[in-house]
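Taking it in order: structure first as structure tokens, then the write-up.
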Amino acid sequence: MKANIFSAEISDITDQLSEGGRSVHEVDKIRRRLEMEKQELQAALEEAESTLEQEEAKVARAQLEITSIRSEIDRRIAEKEEEFENTR
């Protein structure tokens, strides 16, 4: 009778170990998949940051160009006003 109890316990423990082994395998598969997703997201983030930096540089150049054009327009207006005053 004790042998049957021990046999049942051994069977239960063997089943638990087998389940544990499958669980470890599943957790490892999930970990690898998540690691790959993390790497993909990191690469996408780096690409987005690079694109953002490029666009920010374009905006800065455009702002400088606008400032330069405004200065040129102001200078020309001042010249025309001076010419107009001199013709009076």
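In the numbering used here, the protein residues as written are 36 to 123. Glycine included, every Cβ here is placed at the ideal spot set by N, Cα and C.
Give me the Cα-Cα distance between residue i and residue j, rounded to the nearest whole angstrom.
i, j, result
"Glu-61", "Ser-85", "36 Å"
"Leu-69", "Ser-46", "34 Å"
"Ile-101", "Ile-112", "16 Å"
"Lys-64", "Gln-98", "51 Å"
"Glu-116", "Glu-82", "51 Å"
"Glu-120", "Ala-92", "42 Å"
"Ala-78", "Glu-88", "15 Å"
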